[in-house]
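A short write-up of the structure that comes next.
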Amino acid sequence: MDAHELIKALRVAERLKDATRHCYTSGGRQESVAEHSWRISLMAYFIKDKFPEANINKVIQMCLIHDLGEAFTGDIPTFIKTQDDKNKEESLLYSWVKTLPAPFDKEMFSLYQEMSEQKTLEAKLYKAMDSLEALIQHNESNINTWSENEYGLNLVYADDRVNFSSFLKELREHIREETIEKIETINN
47 MDAHELIKAL RVAERLKDAT RHCYTSGGRQ ESVAEHSWRI SLMAYFIKDK FPEANINKVI
107 QMCLIHDLGE AFTGDIPTFI KTQDDKNKEE SLLYSWVKTL PAPFDKEMFS LYQEMSEQKT
167 LEAKLYKAMD SLEALIQHNE SNINTWSENE YGLNLVYADD RVNFSSFLKE LREHIREETI
227 EKIETINN
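Heads up, the sequence shown is in the working numbering, so the first residue is 47 and it goes up one at a time.
Okay, structure coming up:
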């Protein structure tokens with residue numbers, strides 16, 4: 047990738063710094079999509095010893111690129127995102143990926159296909175961490191920023207995405223315990 051192409055690609059990615067998510071930070075401001083992608087990438091790095099059979103570099107790549115489609119559509123919370131929204135985001139993303147120079151166009155498209163199919167350990171890890179990080183962030187945010195449906199959703203969300211790993215099931219349970227403690231603080 048030459049310097050001009052690199053800057054052009056980074057300009058698209060820069061949009062994620064301004065694309066806010068439904069979640070808030072512990073400091074009280076809305077989290078950006080870029081911040082979420084960075085933290086799940088860091089999670090992948092930190093858990094690499096738990097999954098020695100996984101290609102953690104590939105997992106980190108998946109984490110870094112997983113929300114690039116939101117540079118075109120913005121973030122739509124998972125609990126209101128429709129199939130039409132998903133299709134539009136995917137179409138815009140794939141159109142952009144095709145404009146990238148080789149080998150990035152084919153590499154990125156291949157990663158997205160693998161992520162979508164959810165068959166490999168790497169794809170399952172990225173997807174689980176994507177969901178778990180969102181739950182961790184909710185637990186770190188002020189509970190006043192939660193929507194009504196999140197009180198129940200945060201207790202069950204991602205359960206299905208961690209079933210392949212005893213470590214991730216343990217992590218999910220710890221996050222659930224923190225969620226229960228957080229909810230109990232407003233009920234007392």
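Quick reminder that beta carbons are idealized off the backbone N, C-alpha and C, glycines included.
Note that the structure is predicted; figures quoted are calculated from it, not measured.
Report buried or exposed for residue i, applying the criterion of at least 16 other Cβ atoms within 10 angstroms of its Cβ.
| i | result |
| --- | --- |
| A49 | exposed |
| V202 | exposed |
| M154 | buried |
| T124 | exposed |
| K173 | buried |
| M47 | exposed |
| D131 | exposed |
| S141 | exposed |
| S83 | buried |
Leaving out the 5 sequence neighbours to the left and right, which residues in its chain are closer than 8 Å to residue i when beta-carbon positions are compared?
| i | result |
| --- | --- |
| Y197 | I229 |
My assumption, with CB atoms under 8 Å, is that residue i sits in contact with residue j. Please give the rounded CB distance.
| i | j | result |
| --- | --- | --- |
| H220 | N200 | Not quite, the Cβ-Cβ distance comes to about 13 Å (not below 8 Å), so this is no contact. |
| D114 | A59 | The sequence as given places Leu at residue 114; Asp does not occur at that position. About 7 Å; that satisfies the 8 Å criterion. |
| L56 | A100 | At roughly 28 Å, the Cβ-Cβ gap does not stay under 8 Å, so L56 and A100 are not in contact. |
| D176 | I106 | Going by Cβ atoms, the distance from D176 to I106 rounds to 13 Å, so no, they are not a contact pair. |
| V208 | R218 | 5 Å |
| I232 | I189 | 6 Å |
| E160 | A169 | 5 Å |
Could you pull out every residue in the same chain whose Cβ sits closer than 6 Å to the Cβ of residue i, ignoring the five residues on either side in sequence?
| i | result |
| --- | --- |
| H186 | Looking at the sequence itself, residue 186 is Glu, so the reference to His does not match. The residues are S72. |
| F118 | L138 |
| I122 | D131 |
| G120 | A65 |
| F237 | What the structure shows of the chain is the stretch from 47 to 234, and residue 237 is not part of that stretch, so it cannot be assessed. |
Would you kindly check if the distance between the Cβ of residue j and the Cβ of residue i is under 9 Å?
| i | j | result |
| --- | --- | --- |
| A180 | C69 | yes |
| F97 | L171 | yes |
| E163 | E135 | no |
| I111 | Y158 | yes |
| L146 | E216 | no |
Just to confirm my understanding: we take residue i, look at its own chain, exclude 5 residues before and 5 after, and list those with CB closer than 7 Å. What are they?
| i | result |
| --- | --- |
| K10 | The question about residue 10 has no answer, for the chain in this structure spans 47 to 234. |
| Q34 | As displayed, the chain neither begins before 47 nor continues past 234, which places residue 34 out of reach and without an answer. |
| K144 | D151 |
| K94 | I102 |
| A204 | A174, S177, L178, L181 and R218 |
| R61 | A117 |
| K54 | none |
Would residue i pass as an interface residue toward chain D - the criterion being a Cβ-Cβ separation below 9 Å?
| i | result |
| --- | --- |
| K54 | No chain D appears in the structure shown, which is made up of a single protein chain. |
What are the uninterrupted segments assigned as alpha helix (DSSP H) that are 4 or more residues long and contained completely in the segment 102–184, given in chain order?
102–111, 116–119, 129–143 and 150–163
Please go through the segment 50–109 and give each complete alpha helix (DSSP H) segment of 4 or more residues, from N-terminal end onward.
79–92
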